[in-house]
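Have a look at the structure below before the remarks.
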Amino acid sequence: MTEAWGIGPAAGAGAAGSADTGTHDGTGGGAAAGATAVYLYGVARDLDPAALTGLAGVSGAPVRALHAGGLTALVSTVALAEYGEQALRANLEDLDWLEATARAHHDVVGHAARAAATAPVRIATLYRDDDRVAALLAARHDDFSAMLDTIAGRSEWGVKVYAYPEALKPDPEPPAAPADAGGAAGTGGGVGTAYLRRRQQQRRSREDATRRVAAQAQAIHNELAPLAVAARQHPPQDPRLSGHPGVPILNVAYLLEDDQAAGFTGLATAIGDRTPGLGVEVTGPWPPYSFIDTADPGGSGGGGGGGGDRA
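Now the structure itself:
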């Protein structure tokens, strides 16, 4: 019998990763009317439960604190009719539902992180009851403590660099060689050869512009990285999602000491102002998703599970 289920391999202590059907699944698999599960948002330390007063989570469910072994799990009680394994699988195909759930999940984590060190877990991580969550906290106490030690007093900041069209514009083509008496350009070879040479030159110019912009992006990262505790590079965001007019060339998450944030953001802004053709976008502070293993709340910390898209 399993103990946890959700989007991915977010299993708890001794769990196999997905809930069995029947009595634990509210999607027609035999679950009793009104059956519930426990939704886990993250794990905090030294969190005053009063910080959660009036806080609503996924599906509007109240968020509460569950304490065990000096740690606090942020949880909500949710209906299996919506969050049982089969129901969840169907809901994940509904983009509106997924967006609302993800936003509520991140809002809860962000709210808690402003009050205490908080390690988020992947969205839609569910346990059958409070006892299972308490068992997770006990079994993985040292792992969670190590994660929280890493992120205490720190926040994640994102830096995205975009290249505008002028930065990617190839260098001007050199003047064409004069044609000889036979009508061939340069050293001969005819019009076709001259055309191929121009195409090769255009391709080399585009490649040179791309390399130049990539070198600028790397230089920006090299200047910012010394101010951070750690950095994680993510794939550039799809411009169709960001809506930014530039071409994304750098997407890095930085873990900063909270007292370094002002200096870091000021430097990033100054770099953008002095670098023509590139746009530098800074976002944060965020809970440090990129610097802990959000995929497996039962696993060890430091895995760099999420970030993203945050974009």
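Take the sequence shown: its letters are residues 9 to 319, numbered as in the working numbering. All residues carry an ideal CB built from backbone N, CA and C; glycine is no exception.
Name, in chain order, the residues that DSSP records as bridge partners for residue i.
i	result
residue 201	Partner(s): none; residue 201 has no beta bridge.
residue 148	Its beta-bridge partners do not exist; DSSP assigns none.
residue 76	79
residue 153	In DSSP, residue 153 forms no bridge with anything.
residue 167	260 and 290
residue 67	Answer by DSSP bridge pairing: none, since residue 67 is not bridged.
residue 128	50
residue 265	162
residue 282	Its beta-bridge partners do not exist; DSSP assigns none.
residue 255	171
residue 238	263
residue 270	Looking at the DSSP assignment, residue 270 forms no beta bridge with any residue, so it has no partner.
residue 85	46
Measure the Cβ-Cβ separation of residue i and residue j and say whether it is below 8 Å.
i	j	result
residue 221	residue 257	yes
residue 145	residue 127	no
residue 266	residue 153	no
residue 82	residue 52	yes
residue 271	residue 165	no
residue 236	residue 264	yes
residue 74	residue 142	yes
For residue i, which residues from the same chain have a beta carbon less than 6 Å from its beta carbon, with the 5 sequence-adjacent residues on both sides left out?
i	result
residue 54	124
residue 77	145, 146 and 149
residue 280	288
residue 244	256 and 259
residue 273	290
residue 189	In this prediction, residue 189 has a pLDDT of 47, which is less than 50 and means its spatial position is unreliable; nothing more can be read from the coordinates.
Report the residue from the options whose alpha carbon sits nearest the alpha carbon of residue i.
i	options	result
residue 112	140, 151, 71 and 138	71
residue 64	267, 143 and 116	116
residue 159	107, 168 and 239	239
residue 261	58, 100 and 294	294
residue 228	218, 268 and 276	276
residue 130	201, 50 and 88	50
residue 96	132, 73, 119 and 269	132
residue 226	58, 90 and 167	167
residue 80	108, 57 and 200	57
residue 92	297, 42 and 140	42
residue 161	61, 269, 201 and 62	269
residue 231	204, 278, 285 and 114	278
residue 84	104, 60, 219 and 118	60
residue 62	104, 119 and 114	119
residue 285	218, 297 and 246	218
Could you name the residues of the same chain whose beta carbon sits closer than 8 Å to that of residue i, not counting the 5 residues immediately before and after it, in chain order?
i	result
residue 86	44, 45, 46, 47, 66, 67, 69 and 134
residue 106	99 and 100
residue 309	With a pLDDT of only 39 at residue 309, under 50, the local geometry of the prediction cannot be trusted, and the value read off the model is given with reservation. Closer than 8 Å at the Cβ level, and outside the excluded window around residue 309, lie 127, 151, 152, 154, 155, 158, 300 and 301.
residue 283	224 and 228
Near residue i, what residues of its chain come up, given a Cβ to Cβ distance below 7 Å and the 5 sequence neighbours on each side ignored?
i	result
residue 254	170, 171, 172 and 287
residue 137	46
residue 109	66, 131 and 132
residue 103	none
residue 139	none
residue 296	159, 162, 163, 164 and 263
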